[in-house]
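Engineer: Please read through the structure below; I'll follow up with questions.
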Amino acid sequence: MSVWPAWQVREGERTTSWFTVRLGFGDGARIDVLAVVGGGSVSLEEVRAQPPLSLDDLAELADWIEEPLFRACAPAPGPAAAHRTSAGARRSRPTWPRGIEGRRRVAQEYRTAQQRGADPVLAVMCATGHSRRKSLRLISQARDSGFLTPRHARRRPAS
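Take the position in the sequence shown, starting the count at 1, then add 12; the result is the number in my numbering.
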């Protein structure tokens, strides 16, 4: 799988980026995707597959490209990173506190994104540098710690 930037548009402080994603399979099958990242959300503009995808495969496409696309749209490391050696570091990820402080910051990122009308899970992904699955786990931990409201209203039995 390969992901590379196609183009980018900046309007004030807001940036919208297009990425080309190509998945190649051993049997010669290929999927090309044009993904748009901006405004706190990700959308797929165009999908071309040879041979055509089944509906089940199309539904799983987002899971297939999620991690490589996230890595490609992560901000580039600053000049200080040029002085570090890359031996031992698998990938650059923002520093994120653990424990209660980390949960508090996850909740803050989540609520801020909700107020802006952006995707709160994607906001947590970008802030922490973790995958969607890990970010959902962090959000769940923030809920369990009381920093976010419960996801579903709990019903009380009738008296």
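Ideal Cβ positions, reconstructed from N, Cα and C, are used throughout, including at glycine.
#1: Are the CB atoms of Ser29 and Glu180 within a distance shorter than 8 Å?
#2: Please say whether Trp16 and Thr27 have beta carbons closer to each other than 8 Å?
#3: State buried or exposed for His150, treating a residue as buried only when at least 16 other CB atoms are found within 10 Å of its CB.
#4: Could you check the C-alpha separation between Gln20 and Glu58 for me, to the nearest Å?
#5: DSSP three-state label for Phe82, please.
#6: In the structure shown, what three-state DSSP assignment does Arg22 receive?
Structural biologist: To lay it out plainly:
#1: Since the first residue shown for the chain is 13 and the last is 171, residue 180 is missing from the structure and cannot be characterised.
#2: no
#3: Inspection of the sequence shows that residue 150 is occupied by Leu rather than by His. Counting Cβ neighbours within 10 Å, Leu150 comes out buried, since at least 16 surround it.
#4: 17 Å
#5: helix
#6: strand
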